[in-house]
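Residue numbers (our numbering): 1 to 361.
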């Protein structure tokens with residue numbers, strides 16, 4: 001099923017945080033095949049809706065306050081309908097479902113949900129329902145070629161197409177889409193049976209992690225150096241993070257690594273801050289200070305300066321610790337400073353999933 005989003009109103013699509021909010025609210029639909037953005041005065045609105053309203057799938061139209069009434073009137077005209085007053089707004093009388101500033105029309109095989117939205121306010125309820133035609137799976141500790149060899153026979157059997165990318169070493173994200181007669185649910189079930197704990201199905205992996213930690217009444221903390229708080233920021237950008245996260249430390253200097261985290265002076269002098277020995281003590285210190293069940297620590301050289309022949313730019317030590325298991329690894333990333341930091345953040349979460357797998361997943 002194809003899902004299309006049409007944004008009508010400059011004040012909506014020129015507001016990136018609000019657009020991200022809208023897209024999060026539509027995650028239940030799966031992938032949005034197409035997003036169209038038009039100002040409320042555009043002459044393209046009428047021909048666009050005339051073209052889009054036929055066919056299959058879902059259309060969600062998010063209109064600002066100025067555009068909502070004209071869009072409602074236009075849809076009523078296109079469907080040989082009239083407008084009626086419901087919930088203090090004028091909507092087509094043939095609307096199957098309506099809510100405050102939201103209504104749903106059926107036009108043949110097409111569902112059309114029109115919503116009036118204003119930046120700075122809660123987005124009204126989306127009334128359109130999704131169908132399990134798409135899926136996202138995360139596969140850990142297997143290379144892309146090996147994953148493809150395992151997935152390809154299942155994809156052919158269940159008439160599913162897939163494409164994958166490596167977010168960071170050992171972490172593949174696979175987007176799947178069912179063909180016309182494809183069986184997505186059966187495909188995903190078979191993948192989980194085949195790969196077991198290596199697979200997580202989720203369109204929002206960080207929210208998934210928060211949910212699992214919360215259900216198990218577990219908490220996590222971070223000790224960051226070269227990532228500068230990005231690991232914590234990724235977690236706290238999601239709702240519910242406060243239930244599993246009490247805080248973390250950003251320790252750029254050796255003085256704070258020693259003073260706050262208890263990294264021994266001898267370790268820093270002998271091995272340096274970018275070392276497995278240092279990161280292991282960062283893990284222990286962070287876990288003890290926060291009283292957390294899991295800890296993640298990172299120390300590295302993000303560049304562009306600071307590298308040496310022994311530890312070039314891109315050298316990053318990343319570790320994760322539970323009550324029973326500790327993993328500390330040395331990575332060598334390539335790219336600019338931001339890309340090295342982003343890779344480090346993702347790998348840190350990959351190790352967290354790994355140490356927590358027995359208890360959470």
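Think of the CB as a built atom: it goes at the ideal place given N, C-alpha and C, for glycine as much as any other residue.
These figures come from a predicted structure and were not determined experimentally.
Whole angstroms are fine: how far does the CA of residue 345 sit from the CA of residue 56? Numbered from 1 along the chain shown, position 56 holds the residue referred to as residue 56. Numbered from 1 along the chain shown, position 345 holds the residue referred to as residue 345. In a straight line, the C-alpha of residue 56 is about 40 Å away from that of residue 345.
Pop quiz: residue 279 and residue 231 are said to be a contact at Cβ under 8 Å. What is the actual Cβ separation, rounded to whole angstroms? Within the chain shown, the letter at position 279 stands for residue 279. Within the chain shown, the letter at position 231 stands for residue 231. So it is not a contact: roughly 13 Å between Cβ atoms.
Using the Cβ count rule (16 or more neighbours within 10 Å means buried), how would you classify residue 64? On the chain shown, residue 64 is found 64 positions in, with the first residue counted as 1. Per the 10 Å Cβ criterion, buried.
Quick check: residue 201 and residue 135, are their CB atoms within less than 8 Å of each other? Position 201 of the chain shown, counting from 1, holds the residue named residue 201. Position 135 of the chain shown, counting from 1, holds the residue named residue 135. Closer than 8 Å, so yes.
So which of 86, 88, 95 and 87 has the shortest CA-CA distance to residue 80? What you label residue 80 is simply residue 80 of the chain shown in a count that begins at 1. The shortest Cα separation from residue 80 among 86, 88, 95 and 87 belongs to 95.
Output the distance between the C-alpha atoms of residue 162 and residue 143, rounded to the nearest integer angstrom. Counted from its first residue, the chain shown places residue 162 at position 162. Counted from its first residue, the chain shown places residue 143 at position 143. The alpha-carbon atoms of residue 162 and residue 143 are separated by roughly 15 Å.
Could you tell me whether the stretch 290 to 308 touches the stretch 343 to 361, where touching means 3 or more Cβ pairs closer than 8 Å? yes
Based on Cα-Cα distance, which residue from 150, 356, 7 and 13 lies nearest to residue 219? If you number the chain shown from 1, residue 219 lands on position 219. Taking only the C-alpha atoms, the option nearest residue 219 is 356.
How many whole angstroms separate the CB atoms of residue 60 and residue 5, which I take to be in contact at a CB cut-off of 8 Å? The residue labelled residue 60 in the question sits at position 60 within the chain shown. The residue labelled residue 5 in the question sits at position 5 within the chain shown. About 5 Å separates the two Cβ atoms, so the contact holds.
Residue 16 - DSSP class collapsed to helix/strand/coil: Indexing the chain shown from 1 puts residue 16 at position 16. Helix.
Continuous alpha helix (DSSP H) assignments of at least 4 residues falling wholly in the stretch 197 to 275: 205 to 215, 230 to 236, 254 to 261 and 265 to 271
Find the nearest neighbour of residue 249 within the set 303, 262, 23 and 243, judged by alpha-carbon distance. As a first step, residue 249 is located in the chain shown; it is residue number 249 there, counting from the start. Residue 249 has its Cα closest to that of 262, out of 303, 262, 23 and 243.
Secondary structure at residue 143, three-state DSSP: helix, strand or coil? What you label residue 143 is simply residue 143 of the chain shown in a count that begins at 1. Here residue 143 sits in coil by DSSP.
Whole angstroms are fine: how far does the CA of residue 72 sit from the CA of residue 50? Stepping through the chain shown from its first residue, residue 50 is reached at position 50. Stepping through the chain shown from its first residue, residue 72 is reached at position 72. Taking the straight line from one Cα to the other gives about 13 Å.
Beta-carbon proximity check, residue 199 vs residue 176, cutoff 8 Å: Reading the chain shown from its first residue, position 199 is the one you call residue 199. Reading the chain shown from its first residue, position 176 is the one you call residue 176. No, they are not a contact pair.
Sequence-distant residues of its chain with Cβ nearer than 6 Å to residue 292 (five each side left out): Numbered from its first residue, the chain shown carries residue 292 at position 292. The residues are 219, 220 and 221.
With distances taken from CA atoms, which of 24, 223 and 141 is nearest residue 288? The count along the chain shown starts at 1 and reaches residue 288 at position 288. Residue 223 is the option with its Cα nearest to residue 288.
Are the CB atoms of residue 173 and residue 167 within a distance shorter than 8 Å? Here residue 167 is taken as the residue at index 167 of the chain shown, counted from 1. Here residue 173 is taken as the residue at index 173 of the chain shown, counted from 1. Against a cut-off of 8 Å, the Cβ pair of residue 173 and residue 167 comes out as a contact.
Do residue 187 and residue 25 have their beta-carbon atoms positioned less than 8 Å apart in this structure? Numbered from 1 along the chain shown, position 25 holds the residue referred to as residue 25. Numbered from 1 along the chain shown, position 187 holds the residue referred to as residue 187. For residue 25 and residue 187, no; Cβs fall outside 8 Å.
Measuring alpha carbon to alpha carbon, tell me which of 10, 76 and 121 ends up nearest residue 66. In the chain shown, counting from the first residue as 1, residue 66 sits at position 66. Checking every option, the nearest Cα to that of residue 66 belongs to 10.
Once DSSP output is grouped into helix, strand and coil, what is the label at residue 300? By 1-based counting over the chain shown, the position of residue 300 is 300. It is a strand residue.
First and last residue of the uninterrupted alpha helix (DSSP H) at residue 349: Taking the chain shown and counting its residues from 1, one reaches residue 349 at position 349. Its alpha helix (DSSP H) spans residues 337 to 360.
Backbone CA spacing between residue 93 and residue 58 [nearest angstrom]: Here residue 93 refers to the residue found at position 93 when the chain shown is read from its first residue. Here residue 58 refers to the residue found at position 58 when the chain shown is read from its first residue. Approximately 19 Å between the Cα atoms of the pair.
Since residue 5 is in the beta strand (DSSP E), which residue starts that stretch and which ends it? Residue numbering aside, residue 5 sits at position 5 when the chain shown is read from its first letter. 3 to 8 is the extent of the beta strand (DSSP E) around residue 5.
Specify the secondary structure class of residue 322 as computed by DSSP and reduced to three states. Here residue 322 is taken as the residue at index 322 of the chain shown, counted from 1. In this structure, residue 322 counts as coil in the three-state DSSP scheme.
Does the distance from the C-beta atom of residue 270 to that of residue 328 stay below 8 Å? The residue you call residue 270 lines up with position 270 of the chain shown. The residue you call residue 328 lines up with position 328 of the chain shown. Their beta carbons are not under 8 Å apart, which means residue 270 does not touch residue 328 by this criterion.
If we ignore side chains and look at the alpha-carbon of each, how far apart do residue 182 and residue 32 end up? For the purposes of this step, residue 182 is identified with residue 182 of the chain shown, where counting begins at 1. For the purposes of this step, residue 32 is identified with residue 32 of the chain shown, where counting begins at 1. Whole-angstrom Cα-Cα distance: 18 Å.
Cβ-Cβ distance between residue 304 and residue 337 below 8 Å: In the chain shown, counting from the first residue as 1, residue 304 sits at position 304. In the chain shown, counting from the first residue as 1, residue 337 sits at position 337. Contact: yes.
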